[in-house]
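Taking my numbering, the leading residue of the sequence shown gets 1, the next gets one more, and so forth. No residue lacks a Cβ here, since even glycine has one placed at the ideal position from N, Cα and C. None of the values given here were measured: they were computed from a predicted structure. Scroll down for the structure; my scribbles are underneath it.
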Amino acid sequence: MNHRHLPAWLEPAPDSVVADNLRLGKWPWTDAVHLLWTVWVFITPMFGGGFTLRWALITLWSYPLFILLFVMTLVASRRNAPLFALAMVALATVLLRSYPSGMNYFVFGCVMLRYNRCIGMRRYLLELVLLNAGFVSLAWWIGYPWQAVAWIPALTVGIGLIVNVERASSEKDAALRLSHEEVRRLAATAERERIGRDLHDLLGHTLSLITLKMELSRKLFERDPARAQRELAEAEQIARDALAQVRSAVTGFRAADMVAELASAHLLLESSRVHLRHSPPPPMPAWIECGLAMVLREAVTNIARHAQAGEAVIAVRVDAGAVVLEVGDDGRGGVSANGNGLAGMRERVAALGGTLRIDSPRGGGTRLTVTVPLGGGGAPMASPVSDPDLTAREARA
């Protein structure tokens, strides 16, 4: 569905009910079918009071306001949606003395309080009990007959439990879809391992060939020096070709580290109902990638555990001779300089020879920026496989 013509305040949040429906391939306003129950707003006067002018005037302004609050619970973020549900409860409470139809707004508010929230059944039932106790007590004090209000607790608890089960089922379906994505990621990992085994087989054959040529050149060194030199040259060329293939393959395998970490971040955050936006990482040195992957893991874990965010953004780019990792969220912010595992991240970044900057205003989310210069001093010592040219230079020396 195209939302370009909607006002900015009606744009669905990434973790809203409407956004969830879009990700599931549903019509975004599927939940609006529940508005059919508002027919009771127009039926209630038939049971007492009648369709008076006062009822009509109150309905003219309160019903559109209720519809707006209903829509906002569907498009608002997980953090803000309960506020609009409570606003329905407040609207019904304000109108209770002069507008019995407003009791229907109260029922909707109690039911929508469970929408787009990850809370347990026990807590939700406690909230329903407290809200109903206050509302029924107020109605009794105003003078409503007990027959008129007795159905309110039964209705809110009954429908609330049904909605709770529906939402729990929906969350399990989402977790199942994420597990399917995890299976695909594990399949890709298994494929890389298979390629690694094939590469090992290739290296075994190549090294065997080099060994044979070196043995032959040693035997021919005195009898046929020219042919011995040719054998050595061929062995050198074979070694260089093998080196190029190994470097290319190892770079590809190690480049999957950041890709795999992004996949894990997506799994963790989406299961915590935090929408993640990210793009594929660019090529970078393996020693930088491995270090940044660990920093990214810690940052994502902090978002899932502490940020109370609805959306997160991860960006990796190569800019001005440095690799830049940016991790941001729209959570509560207020992260201290060394809190929530940031000290460990600073140590990792320092080992890479880079810098880490935190921007976390209270209530304004958190933005973490890691900058690691290419070719900096944090690179680990080369192994014989990763830099065999060093041995070649020593041999020529």
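Using three-state DSSP, classify residue i as helix, strand or coil.
{"i": "G13", "result": "The residue asked about is misnamed: residue 13 is Ala in this sequence, not Gly. Coil at A13, not helix or strand."}
{"i": "R362", "result": "coil"}
{"i": "P276", "result": "The identity of residue 276 in the sequence shown is Leu, whereas the question assumes Pro. L276 falls in the strand class under three-state DSSP."}
{"i": "D20", "result": "helix"}
{"i": "D329", "result": "strand"}
{"i": "W27", "result": "coil"}
{"i": "P291", "result": "In the sequence as displayed, the identity of residue 291 is Gly instead of Pro. It is helical."}
{"i": "S336", "result": "coil"}
{"i": "F221", "result": "coil"}
{"i": "G48", "result": "coil"}
{"i": "L207", "result": "helix"}
{"i": "P7", "result": "coil"}
{"i": "P153", "result": "helix"}
{"i": "Y258", "result": "The residue you asked about is not Tyr; residue 258 is Met in the sequence shown. Correct three-state label for M258: helix."}
{"i": "P388", "result": "With a pLDDT of only 41 at P388, under the threshold of 50, the placement of this residue in the model should not be trusted; the figure read from the coordinates follows. The answer is coil: DSSP assigns P388 none of H, G, I, E or B."}
{"i": "Q308", "result": "coil"}
{"i": "S383", "result": "In this prediction, S383 has a pLDDT of 37, which is less than 50 and means its spatial position is unreliable; what the coordinates show is noted afterwards. Three-state result, S383: coil."}
{"i": "M284", "result": "coil"}
{"i": "R396", "result": "With a pLDDT of 40 at R396, under the threshold of 50, the predicted position of this residue should be treated as unreliable, though the coordinate-derived value follows. Helix, per DSSP."}
Tell me which residue opens and which closes the alpha helix (DSSP H) that residue i is part of.
{"i": "R54", "result": "53-75"}
{"i": "A312", "result": "Counting along the chain, A312 falls outside any alpha helix (DSSP H), though it belongs to the beta strand (DSSP E) covering 311-319."}
{"i": "M345", "result": "342-351"}
{"i": "I43", "result": "39-43"}
Can you pull the DSSP bridge partners for residue i?
{"i": "V324", "result": "R317, T371"}
{"i": "R357", "result": "T369"}
Count the other CB atoms within 10 Å of the CB of residue i; is the residue buried (16 or more) or exposed (fewer)?
{"i": "T211", "result": "exposed"}
{"i": "R223", "result": "exposed"}
{"i": "K213", "result": "buried"}
{"i": "G328", "result": "buried"}
{"i": "V39", "result": "exposed"}
{"i": "F47", "result": "exposed"}
{"i": "M112", "result": "buried"}
{"i": "M121", "result": "exposed"}
{"i": "S16", "result": "buried"}
{"i": "V75", "result": "buried"}
{"i": "T52", "result": "exposed"}
{"i": "T189", "result": "exposed"}
{"i": "V149", "result": "buried"}
{"i": "W140", "result": "exposed"}
{"i": "C110", "result": "buried"}
{"i": "D330", "result": "buried"}
{"i": "L131", "result": "buried"}
{"i": "A395", "result": "Note that A395 scores 37 on pLDDT, short of 50, meaning its location in the model is unreliable; the coordinates nonetheless yield the value given after this. Burial call: exposed."}
{"i": "V94", "result": "exposed"}
{"i": "A397", "result": "Any answer about A397 is weak, because its pLDDT of 36 lies below 50 and its placement is not dependable; what the coordinates show is given next. A397 comes out exposed."}
{"i": "D241", "result": "exposed"}
{"i": "D319", "result": "exposed"}
{"i": "L296", "result": "buried"}
{"i": "V129", "result": "exposed"}
{"i": "P7", "result": "exposed"}
{"i": "W406", "result": "Limits of the chain in this structure are 1 at one end and 397 at the other, which puts residue 406 out of reach."}
{"i": "W151", "result": "exposed"}
{"i": "V165", "result": "exposed"}
{"i": "A133", "result": "exposed"}
{"i": "W27", "result": "exposed"}
{"i": "S217", "result": "buried"}
{"i": "L68", "result": "exposed"}
{"i": "D20", "result": "buried"}
{"i": "W61", "result": "exposed"}
{"i": "E402", "result": "Given a span of 1 to 397 for the chain in the structure shown, any question on residue 402 remains unanswerable."}
Quiz item: What are the complete alpha helix (DSSP H) segments, minimum 4 residues, inside the stretch 70-148?
Solution: Those alpha helix (DSSP H) runs which fall completely within the stretch 70-148 and span 4+ residues are 81-95, 103-112, 121-142.
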